[in-house]
Amino acid sequence: MHDNSSMGFNPPPTIRSGPWAIDDIERFLAQTAIPVRLASNGQGFPLVQSQWFLYEDGGLWCCAKADSVLAKRLDRDPRCAFEVSGDLPPYSGVRGTGRATQHAKEASRVLPLLIERYLGDTPSPLADWLLSRLDVEVAIRISDLSVTSWDYSARMTAPADRRG
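For what it's worth, our numbering labels the leading residue of the sequence shown as 2, then goes sequentially.
Encoded structure:
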């Protein structure tokens, strides 16, 4: 679904379950710079892809080539699921569902923010290559978020703490 309307105010995610309040969830999404695992509907099977993301105004933003498999799938069916969580104990994170809209004009704003978030502000060949493709990129916004959080910190200790 392509949507080039103004962004406007967007409500925060709806919490389905989990220990975290909305402020905790939004802080986690804003501060966690690991890729989101994004699942889109396919023809028979879902597709899971890792994407750089940015949490902004109640939604997740990422970028993809406009003719990518992900963009085509989300255009056909905007329903998607996602998870943001680390690989190291103690495990915590946010997962949920939302609806994707594609915003071609926002790619020039979102892609540089993603590059800075994940690569930093030091020039790099990857950053240069990504920015050279802006004309074929589309920003994808996942909104209408319904989320579940989990935090196993109380049940787990970090590996260094278990070595005794």
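We put the CB at the ideal spot given by N, CA and C, even for glycine. Predicted model only: the values in this text are computed from it and were never measured.
>> In the DSSP output, which residue or residues are listed as bridge partners for Ile-141?
In response: Cys-63 and Gln-103
Run the CB neighbour count on Gln-44, radius 10 Å, all protein chains shown included, and call it buried at 16 or more, exposed below. exposed
Check whether the segment 58-69 touches the segment 139-156, taking contact to mean three or more Cβ pairs, one atom from each stretch, closer than 8 Å. yes
Work out the CA separation of Ile-35 and Pro-90 for me, nearest whole Å. 15 Å
Item to complete: Decide if Gly-97 is buried, meaning its Cβ has at least 16 other Cβ atoms within 10 Å, or exposed.
Response: buried
> Is Arg-77 buried or exposed, if buried means 16 or more other CB atoms sit within 10 Å of its CB?
Replying inline: exposed
| request: Go ahead and pull the three-state DSSP assignment for Trp-21. | output: coil
ask   = Is Pro-13 closer than 8 Å to Glu-27 when the C-beta atoms are compared?
value = yes
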